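Our numbering numbers the first residue of the sequence shown as 1159 and each following residue consecutively.
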Amino acid sequence: MSSLKLALVQLAVGAQKVANLARARSKVLEAAKAGANIVVLPECFNSPYGTQYFGQYAEEIDSAKPSPSIQALSDMARDSKVYLVGGSIPELEKSTGDLFNTCTVWSPEGEM
């Protein structure tokens, strides 16, 4: 029987999205190296926590035209070869202007 190892990631986030994505990547790769098959990132891992930040950090979620966080999540899953639960990111629905706290899930091939 195969075993399953789940990693729950905690990390400090700040105002710089690029730095937050880099920290998340480091933790996902570390968990995979330790044998995790599934890695779960925390809520709002790419931005400061709080709905007041959603407008500033929101991204469209479109795998055909990936935003920085969507591309980073795809790369993290593919490069670490794990199932990745992408915590959540502020999502912008461009057609309505609505903001959401959205979680994405990724295959080891980097597909949403």
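Where is the CB? At the ideal position from N, CA and C, for every residue including glycine.
Computed from a predicted model, the values in this text were never measured in an experiment.
Residue i, DSSP secondary structure in three states
i, result
"F1203", "coil"
"D1256", "strand"
"A1194", "coil"
"M1159", "Residue confidence for M1159 is low, a pLDDT of 47 falling below 50, so the modelled location carries little weight and cannot support an answer."
Closer than 8 Å to chain C by CB, residue i
i, result
"A1222", "Going by chain labels, chain C is absent from the structure shown, which holds only one protein chain."
Start and end residues, alpha helix (DSSP H) containing residue i
i, result
"V1176", "K1175 to K1191"
"P1226", "P1226 to S1238"
"Y1215", "F1212 to Y1215"
Cα-Cα separation between residue i and residue j, rounded to whole angstroms
i, j, result
"M1234", "A1216", "20 Å"
"N1259", "K1252", "14 Å"
"Y1211", "S1205", "7 Å"
"P1226", "A1177", "12 Å"
"E1249", "A1230", "15 Å"
"M1270", "V1167", "19 Å"
"K1223", "L1199", "22 Å"
"C1261", "E1201", "8 Å"
"K1239", "I1247", "21 Å"
"D1220", "G1268", "14 Å"
"S1265", "Y1241", "5 Å"
First and last residue of the uninterrupted beta strand (DSSP E) at residue i
i, result
"E1251", "I1247 to E1251"
"L1166", "L1164 to L1166"
"L1169", "Premise fails: L1169 is in no beta strand (DSSP E) and is neither H nor E."
"I1219", "From DSSP, I1219 is part of no beta strand (DSSP E); its letter is neither H nor E."
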